[in-house]
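So for the sequence shown, the numbering used here puts the first residue at 151; every next one is plus one.
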Amino acid sequence: MSRIRDIKEIKDELEAARTDYQGKANTLPASELRPLTDKIKELQAELAAWISDGALACTVCEISPHGMEQQVAIKGQAMPIYEVGCLVCPDRRAQGFTPEGAVKAWNEEKFLPPKKEVA
151 MSRIRDIKEI KDELEAARTD YQGKANTLPA SELRPLTDKI KELQAELAAW
201 ISDGALACTV CEISPHGMEQ QVAIKGQAMP IYEVGCLVCP DRRAQGFTPE
251 GAVKAWNEEK FLPPKKEVA
């Protein structure tokens with residue numbers, strides 16, 4: 151994927167689309183909200199693809215991995231952390247403090263420890 155737009159531009163547009171949806175969700179019928187939800191889904195997919203750009207397909211199922219940004223607290227500050235992972239295979243996830251770092255960890259199969267089962 152070529153990065154035509156930068157991540158900030160995509161995130162700003164996504165935030166604006168969510169704000170637009172929230173402002174209209176209680177007043178418009180579902181049929182009129184559909185284009186707004188479609189726009190949000192499109193931007194979420196673009197952001198996920200941007201974050202996982204350069205990641206190799208999963209070596210187990212051969213599906214392209216998904217990218218996402220999360221917020222974590224580090225010394226009391228909210229900081230972004232990026233994750234690239236397979237949506238099909240459990241526990242095949244890699245993280246980094248940059249999208250490139252997460253992709254590198256994914257490509258090198260430096261996965262996070264498996265999530266523990268909740269009893």
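We put the CB at the ideal spot given by N, CA and C, even for glycine.
Along the beta strand (DSSP E) that carries residue i, what are the first and last residues, could you check?
{"i": "Arg168", "result": "Element bounds for Arg168: not the beta strand (DSSP E) but the alpha helix (DSSP H), 157-174."}
Among all the DSSP beta bridges, which residues are the ones paired with residue i?
{"i": "Gln245", "result": "Glu233"}
{"i": "Ile224", "result": "Gln227"}
What is the rounded straight-line gap between the Cα of residue i and the Cα of residue j?
{"i": "Asn257", "j": "Ala205", "result": "6 Å"}
{"i": "Leu262", "j": "Ile224", "result": "18 Å"}
{"i": "Phe247", "j": "Leu186", "result": "31 Å"}
{"i": "Thr209", "j": "Arg184", "result": "36 Å"}
{"i": "Ile160", "j": "Glu233", "result": "17 Å"}
{"i": "Leu237", "j": "Pro215", "result": "7 Å"}
Please determine, among the options, the residue with the shortest C-alpha to C-alpha distance to residue i.
{"i": "Pro230", "options": "Asp241, Leu183, Met218", "result": "Met218"}
{"i": "Glu200", "options": "Lys265, Ala244, Glu250", "result": "According to the sequence displayed, residue 200 carries Trp and not Glu. Out of Lys265, Ala244, Glu250, Glu250 has the C-alpha closest to the C-alpha of Trp200."}
{"i": "Pro264", "options": "Asp241, Ala255, Ile213", "result": "Asp241"}
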